[in-house]
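**Q** Attaching a single structure in structure tokens format; questions to follow.
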Amino acid sequence: MNGGAETVDVATRLADVHDGIAAAARASGRDPREITLVAVSKRKPAAMIRAAYAAGQRDFGENYAQELRDKARELEDLDALRWHFIGPFQSNKARLLVGRATLLHSVSEQRHLEAVAARAQSIGVEQRVLVQLNLSGESTKHGVAGATLAALLRASETLEGVRIEGLMTMPPADDDDVTARCFAELRVLRDAHGGVQRLPQLSMGMSHDYALAIAHGSTCVRVGTAIFGSR
Ligand SMILES: *Cc1c(COP(=O)(O)O)cnc(C)c1O
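Each residue of the sequence shown is one higher than the last, beginning at -5 in the numbering used here.
What follows is the structure, encoded as structure tokens:
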């Protein structure tokens, strides 16, 4: 593979996504600076992450705890790079992720919160997390139903070392109406549970639907394919 061409490619695609984010934000009267672009680098080599970093990208998303840990080690020379964990969370991965990821997007059970809190206390950090919601009702998707959110928020208040900062969802890929409904619903849930003061972050939107997500109030879009190419 030609490293030079790949670098240009990633930088160009990143610029295109930034343009897309800015256009979507303007269309709904929002400031593009409210929206964090997480570049999803799962299964992509460290060299591509370096290319994106060289083009100014600082937030990167990974789905697998081990892969995140290995890449964090390999790229530890890159100052101020922030890792986001977006894959299905398991309590036994807390050790690999707490303190290493700036934000865990996919907490969905009380025992996840407890595992994160225990690890955070033992290494003396506060871990920011999001609660992943399953709003499409698909059994193949991870996350909790909206009705469970209040209980998780209550549980987190009694735990040291873990802070729920918002909500995340991942609608099914193939139906725009369902996607729009899921995005709208995530925002309604946020507003019903303390609003933007209590839950400032809404992580929603991927390569094919980030503009729609921004129209629905997303503060964090997770974009892989549009930056790094297909996997
Ligand atoms: C892979 C993944 C993404 C990025 O998807 P693209 O379609 O490549 O942009 C975003 N969020 C989650 C949770 C993912 O697993």
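Using N, Cα and C, we set each Cβ at its ideal position, and we do this for glycine too. Small disclaimer: the values here were computed from a predicted structure and weren't measured.
1. Does ligand 1 have even one heavy atom less than 6 Å from the beta-carbon of ARG216?
2. Hey, MET162 and HIS78: beta-carbon distance below 7 Å or not?
3. Name the residue from LYS135, ARG113 and LYS38 whose alpha carbon lies nearest to the alpha carbon of ILE221.
4. Regarding MET200 and ligand 1, is the C-beta to nearest heavy atom distance less than 6 Å?
5. Tell whether a beta-carbon distance below 7 Å holds between GLY160 and LEU124.
6. Please state the DSSP three-state secondary structure of THR6.
7. Cα-Cα, which of ALA111, GLY155, ALA167 and LEU180 is closest to GLY140?
8. From ARG192, SER35, LEU91 and ARG20, pick the residue whose C-alpha is nearest to that of ARG225; which is it?
9. Determine, using beta-carbon pairs with one atom in the region 87 to 96 and one in the region 124 to 138, whether at least three such pairs fall under 8 Å.
10. Is ALA46 close to chain C, meaning its C-beta is less than 7 Å from at least one C-beta of that chain?
11. Which one of ALA19, ALA88 and MET42 has the shortest CA to CA distance from ALA59?
12. Taking Cβ positions, are ARG44 and ALA74 nearer each other than 7 Å?
13. State the start and end residues of the unbroken beta strand (DSSP E) segment that holds HIS187.
14. Measure the C-alpha to C-alpha separation of ASN(-4) and MET42 and round it to an integer number of angstroms.
15. Any idea which residues DSSP pairs ARG216 with across the strands?
16. Around the Cβ of GLN191, are there at least 16 other Cβ atoms within 10 angstroms (buried) or fewer (exposed)?
17. Given this structure, state the Cα-to-Cα distance separating LEU8 from PRO165, to the nearest angstrom.
18. Can you tell me whether SER116 is buried or exposed? The criterion is at least 16 other CB atoms within 10 Å of its CB, across all chains shown.
19. Pick out the complete beta strand (DSSP E) segments inside the region 94 to 127, 3 residues or longer, and give them in chain order.
20. In three-state DSSP terms, what is GLU151?
21. Under 8 Å: do the region 61 to 73 and the region 18 to 25 share three or more Cβ pairs, one atom per stretch?
22. I'd like the list of long-range same chain contacts for GLY199, defined as Cβ closer than 6 Å, with 5 residues on each side in sequence excluded.
**A** With the structure as the only source:
1. For the purposes of this step, residue 216 is taken as residue 222 along the sequence shown, with counting starting at 1. Indeed, a heavy atom of ligand 1 lies less than 6 Å from the Cβ.
2. On the sequence shown, position 168 is the one that residue 162 refers to. On the sequence shown, position 84 is the one that residue 78 refers to. It is not a contact, given that the beta carbons lie outside the stated cut-off.
3. Translated into the one-based positions of the sequence shown, residue 221 becomes position 227. The residue with the shortest Cα to Cα distance from ILE221 is LYS38.
4. Here residue 200 refers to the residue found at position 206 of the sequence shown. Distances between the C-beta of MET200 and the heavy atoms of ligand 1 include at least one below 6 Å.
5. One-based indexing of the sequence shown puts residue 160 at position 166. One-based indexing of the sequence shown puts residue 124 at position 130. Yes, Cβ-Cβ distance for GLY160 and LEU124 is below 7 Å.
6. If you number the sequence shown from 1, residue 6 lands on position 12. Correct three-state label for THR6: helix.
7. In the sequence shown, the residue the question calls residue 140 occupies position 146. Selected option, being the one with the closest Cα: LEU180.
8. The residue given as residue 225 occupies position 231 in the sequence shown. Taking only the C-alpha atoms, the option nearest ARG225 is SER35.
9. no
10. Of the protein chains in the structure, only one exists, and it is not chain C.
11. Numbered from its first residue, the sequence shown carries residue 59 at position 65. Cα-wise, what sits closest to ALA59 is ALA88.
12. For this step, residue 44 is matched to residue 50 along the sequence shown. For this step, residue 74 is matched to residue 80 along the sequence shown. Contact flag unset, no.
13. What you label residue 187 is simply residue 193 of the sequence shown in a count that begins at 1. Taken as a continuous stretch (DSSP letters only), HIS187 belongs to no beta strand (DSSP E), as it is neither H nor E.
14. To locate residue -4, count along the sequence shown from 1; it is residue 2. To locate residue 42, count along the sequence shown from 1; it is residue 48. At ASN(-4), the pLDDT of 47 sits below 50, so the modelled position is not reliable; the number obtained from the coordinates is stated separately. Those two C-alpha atoms are separated by around 12 Å.
15. Counted from its first residue, the sequence shown places residue 216 at position 222. VAL32, per the DSSP bridge assignment.
16. On the sequence shown, position 197 is the one that residue 191 refers to. So GLN191 counts as exposed.
17. As a position in the sequence shown, residue 8 is number 14, starting the count at 1. As a position in the sequence shown, residue 165 is number 171, starting the count at 1. Their backbone Cα atoms lie some 23 Å apart in a straight line.
18. For the purposes of this step, residue 116 is taken as the residue at position 122 of the sequence shown. SER116 is exposed by the Cβ-count criterion.
19. For the region 94 to 127, whole beta strand (DSSP E) runs of length 3 or above, ordered along the chain, are 97 to 101 and 121 to 127.
20. The residue you call residue 151 lines up with position 157 of the sequence shown. Three-state result, GLU151: helix.
21. no
22. By one-based count along the sequence shown, residue 199 stands at place 205. Taken in chain order, the residues that qualify are ALA207, SER212 and VAL215.
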